[in-house]
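Here the protein sequences line up with chains D and R, keeping their order. If you use UniProt numbering, the first sequence closes out at 344, no skipped numbers anywhere. If you use UniProt numbering, the second sequence closes out at 353, no skipped numbers anywhere. Note that the Cβ used here is the ideal one computed from N, Cα and C, for glycine as well. Data block below; observations after.
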Amino acid sequence: MALMKVKFDLKKRVKLAQTVWFMYWFSVMAGVLLLTMGLFFKIELRKRSELMDNNESHFLPNLLIGVGLIASGMNAFGGKICYDSLDPSKFVKWKPMLKPFLISCVGFNGLLLLTAMLCFLMRIPLQFTLAEGLKNGMKYYKDTDTPGRCYMKRTLDTMQMEFRCCGNDNYRDWFVIQWVSNRYLDFSAKEVKDRIGSNVDGQYLMDGVPFSCCNPASPRPCIQLQMTNNSAHYSYDHYTEELNVWKRGCREALLSYYGGMMNTIGALVMLVTLVQVAVTVGLQYVNTSLSTLANPEDPESESEGWILEKTVKETFTDIMDKMKAMGKGNQVEEGGEAPVATVS
Amino acid sequence: MVLMKITFPLQRRVRLAQGLWLLSWLSVLSGGFLFCLGVYLKTELIRRAEIMDYTDIHVVPNILMMVGLASIGTNWFASRVCQDSLDATRFPRWKPFLLGWFAMAVVLCSLLLAAMVLCFALQGHLEETIKVGLRNGIRFYRDTDVPGRCFQKETIDRLQMELRCCGNNNYRDWFEVQWISNRYLDFTSKEVKDRVRSNVDGRYLLDGVPFSCCNPASPRPCLHTQLLDRNAHYNFELQTEELNLYNRGCRQALVEYYMGLMNRIGPGVLSVIFMQASVFVSLRYLQTATEGAMALENPEDDSEGYLLEKSIPETIEDCKSQVLTLLKLGPVDPGDAEAPAEDKGAADAATSG
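What follows is the structure in structure tokens.
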């Protein structure tokens, strides 16, 4: 018994072909949309690859780009088939290709579904990459004279201003590293010598943050140096000051930014998958309705269309049997001629 | 003698109608595009409304939005006209509206040209309003507790960070203004008392700038306090340090930003004017060719299309005499019956001449 059988007369077939053709053009645009999203995601990752130690995985955007290209191509091809299906003479040349094409469509839909799930799951490796990258980035903040790292300061400053964040987890991360280059420290001054002597690594540590951590919404001009010393500033208590510097850490800020982007892309890929499934089903109906004409010579005769010739269980057992037969056939072929004769 | 006569066989008329239909739909899209440009420009101006004192410059985006909407309507009308132009029964009902349509198209194109001229003419005005707005913003920077001015600090800080500028003309503008609120000054300390006494108005002036003037591209962590004191910072010379703070003034930055915006919008507006003009010309040809064809015995014969029935000087003469007769008829109407008859004869003579 066929799965979801529908009766078709000429008018219904024409309408079906036109609808599926229209849907194919829509899904070509959806394929282009996938491609654009993949490109956009790739560019966004590249823009901040310095902050991720150039270690970020471009697997997902590359997959999106590839899937988008394949989707556009397959849907354009499918649209052409639908367009020709209204003309029996043209449709004849496509007939042998239809079954393999439909099977590859089903396979492609599975790939799309996998891509959508990856979009939601790739957040986790990204989190670790970001944490590592930001920690190293802050270490190289002062190295504006080292080739290869001289832009780290600008990148970090612009990132902190853009994303309204400070440090890795919070602003105190800046207290534990030296972010002022030795070129600008007067080693003959007592203050500098004290600070350097106060820790094992001989680093100039201070309770200050770069200017890019400052919050413009603060009612008071920004206090970025001597932050933990309440007596250094009039009417200042660093425990209660909330608006002075950004409270959020940059890892959390970047992760929520990229996470949001990936969630949106994942949702869109799901929608595109649904559209793809719909056009595959439509093409299958077009195919079956044109192959089961009651009177093959008369184009106006009635026909039937379905998704699967037998029920799902029967189709599944059929496929398993065919695969077993193929496997047995391969085994026996290696044996010799006589066993081949018995199998056939 | 007719102006720019072209012969139109039936096939060419059909092609003209189809081409014009496509062109008028493209013009509808360009009208929508114009509207979006106007909205974009207006939002950009509103975003910085806090530092702009007068709103005269808003006339440019307002014109663009109005003309955009109007051109969507007129071009949709043109597409309906040319859809019906091939059908002799449906075309006559559009005839009375066509003169009005041509007048409307002329008005729209001239409004767009006026908007483009205004773009450039108002530049001086724009600069003046930005200068005043910035001056006030810098003066009220510290008043974060005064209602109505409490957002000036955030506005100016964000402006300086976004546009990479500092102060009105340059960073020294901050040296002449007290930008730290009295709430955060310890009036018992000697330093504060010295500074306040050092000037006539009793303001706390210092040689420092807010953090938003800092340039992230500087290789050195930003120095924005005690800028004029040579000994305050190790190995720092204010005159030679180019990357420490932004060198550009915000007035120049803003004017450049808005002028750049208007220069980018300029070509778009020009292309819309060009498209509208071509729809105008094509519709006139279509109108005259179709009317000529309808007057013929065999509607499918060749007909002639032209821009003006007579040459330009003759058409101007015609219009002048029509207007004069209208004016003459007006005051004479309440008078005796003979005079209107006389004038009617004169008008007939004028129109036939």
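DSSP-derived helix/strand/coil call for residue i
i        : result
R:GLU317 : helix
R:CYS214 : strand
R:ARG12  : helix
R:CYS165 : coil
D:CYS214 : strand
D:PHE187 : coil
D:VAL269 : helix
D:GLU309 : coil
R:SER303 : strand
D:GLU242 : coil
R:SER85  : coil
R:GLU256 : helix
D:PHE8   : strand
R:ILE6   : strand
D:LEU3   : strand
D:SER303 : strand
R:LEU308 : strand
R:TRP238 : The sequence as given places Leu at residue 238 of chain R; Trp does not occur at that position. Here R:LEU238 sits in coil by DSSP.
R:LEU245 : strand
Exposure of residue i, with buried meaning 16 or more beta-carbon neighbours within 10 Å
i        : result
D:TYR239 : exposed
R:CYS319 : exposed
D:ASN55  : exposed
D:ALA189 : exposed
R:GLN239 : exposed
R:ILE273 : buried
D:LEU134 : buried
D:VAL67  : buried
R:ASP229 : exposed
R:SER79  : buried
D:ASP87  : exposed
D:GLN331 : exposed
D:LYS15  : exposed
R:VAL81  : buried
R:ARG90  : exposed
D:ASN229 : exposed
R:ASN231 : exposed
When the options are compared against residue i, the one with the closest alpha-carbon
i                      : options                                : result
R:ILE6                 : R:ASP301, R:HIS224, R:GLN18, R:ALA289  : R:ALA289
R:CYS165               : R:TYR204, R:THR55, R:PRO210, R:ASP145  : R:PRO210
R:GLY68                : R:ALA105, R:GLY133, R:PHE35, R:ALA17   : R:PHE35
D:ASP157               : D:THR36, D:GLU50, D:CYS82              : D:GLU50
D:LYS7                 : D:SER231, D:ARG164, D:LEU290, D:PRO221 : D:LEU290
R:ASP301               : R:LEU10, R:ALA49, R:GLY32              : R:LEU10
D:LEU268               : D:LEU293, D:ALA131, D:THR115           : D:THR115
D:ALA253               : D:VAL279, D:GLY73, D:MET161            : D:MET161
residue 348 of chain D : D:ILE265, D:LYS310, D:MET261, D:TYR257 : Here chain D comprises residues numbered 1 to 344, so residue 348 of chain D is not present and cannot be evaluated.
R:GLN252               : R:LYS131, R:ALA49, R:GLU237            : R:LYS131
D:PRO219               : R:VAL28, R:ASP145, R:LEU327, R:TRP76   : R:ASP145
D:ARG123               : D:ILE307, D:GLU302, D:MET262, D:ALA76  : D:MET262
**Item:** Three CB pairs or more closer than 8 angstroms across the segment 176–188 of chain R and the segment 135–153 of chain R
**Value:** yes
**Prompt:** Which residues, taken in chain order from the segment 189–215 of chain R, show a beta carbon closer than 7 angstroms to some beta carbon of chain D?
**Reply:** PRO210, PHE211, SER212, CYS214
**chain D contacts from the segment 233–249 of chain R (Cβ-Cβ distance under 7 angstroms)** = TYR234, ASN235
**Request:** Give a yes or no on contact between the segment 97–104 of chain R and the segment 16–32 of chain R, applying the rule of three or more CB pairs nearer than 8 angstroms.
**Result:** no
**Item:** Contact list for the segment 131–142 of chain R against chain D, Cβ threshold 7 angstroms
**Value:** none
**Request:** Anything in the segment 177–190 of chain D with a Cβ closer than 8 angstroms to a Cβ of chain R? List those residues in chain order, please.
**Result:** TRP179, VAL180, SER181, ARG183, TYR184, LEU185, ASP186, ALA189
**Item:** Segment contact, 8 angstroms Cβ cut-off, at least three pairs: the segment 244–262 of chain R with the segment 246–260 of chain D
**Value:** no
**Item:** At least three beta-carbon pairs within less than 8 angstroms, the segment 22–35 of chain D to the segment 260–280 of chain D
**Value:** yes
**Message:** Below 8 angstroms, how does it come out for the segment 118–135 of chain R and the segment 224–244 of chain R: are there three or more Cβ pairs, yes or no?
**Reply:** no
**Prompt:** Can we say the segment 125–134 of chain R touches the segment 211–222 of chain R, given the rule of at least three CB pairs closer than 8 angstroms?
**Reply:** no
**Request:** Return the residues of the segment 83–105 of chain R that lie within a Cβ-Cβ distance of less than 7 angstroms from chain D, sorted by chain order.
**Result:** none
**Request:** Give, in chain order, every residue of the segment 230–247 of chain D whose Cβ lies closer than 7 angstroms to some Cβ of chain R.
**Result:** TYR234, SER235
**Message:** Against chain D, which members of the segment 249–264 of chain R pass a CB distance test of less than 8 angstroms?
**Reply:** none
**Item:** Three or more C-beta pairs below 8 angstroms linking the segment 279–289 of chain R and the segment 302–317 of chain R
**Value:** yes
**Request:** With 8 angstroms as the limit, tell me which residues of the segment 196–217 of chain D have their beta carbon closer than that to any beta carbon of chain R; keep them in chain order.
**Result:** PRO210, PHE211, SER212, CYS214, PRO216, ALA217
**Segment contact flag, the segment 50–62 of chain R with the segment 79–95 of chain R, C-beta cutoff 8 angstroms, min 3 pairs** = no
**Asked** Quick check: the segment 299–318 of chain D against the segment 36–50 of chain D, are there 3 or more CB pairs under 8 angstroms?
**Response** no
**Asked** With a cut-off of 8 angstroms, do at least 3 Cβ pairs link the segment 195–206 of chain D to the segment 191–202 of chain R?
**Response** no
**Asked** Would you say the segment 178–193 of chain D touches the segment 250–264 of chain D, given that touching needs at least three Cβ pairs under 8 angstroms?
**Response** no
**Asked** For the segment 123–132 of chain D against the segment 96–111 of chain D, are there 3 or more C-beta pairs whose distance is under 8 angstroms?
**Response** no
**Asked** For the segment 143–168 of chain D, which residues have a beta carbon sitting closer than 8 angstroms to at least one beta carbon of chain R?
**Response** THR144, ASP145, CYS150, LYS153, ARG154, ASP157, THR158, MET161
**Prompt:** Using a beta-carbon distance cut-off of less than 8 angstroms, what residues from the segment 143–156 of chain R approach chain D?
**Reply:** THR144, ASP145, CYS150, LYS153, GLU154
**Contact the segment 214–226 of chain D vs the segment 109–124 of chain D: 3+ CB pairs below 8 angstroms** = no
**Asked** Any chance the segment 19–27 of chain D sits against the segment 73–83 of chain D, with 3 or more Cβ pairs inside 8 angstroms?
**Response** yes
**Prompt:** Which residues, taken in chain order from the segment 172–186 of chain R, show a beta carbon closer than 9 angstroms to some beta carbon of chain D?
**Reply:** TRP179, ILE180, SER181, ARG183, TYR184, LEU185, ASP186
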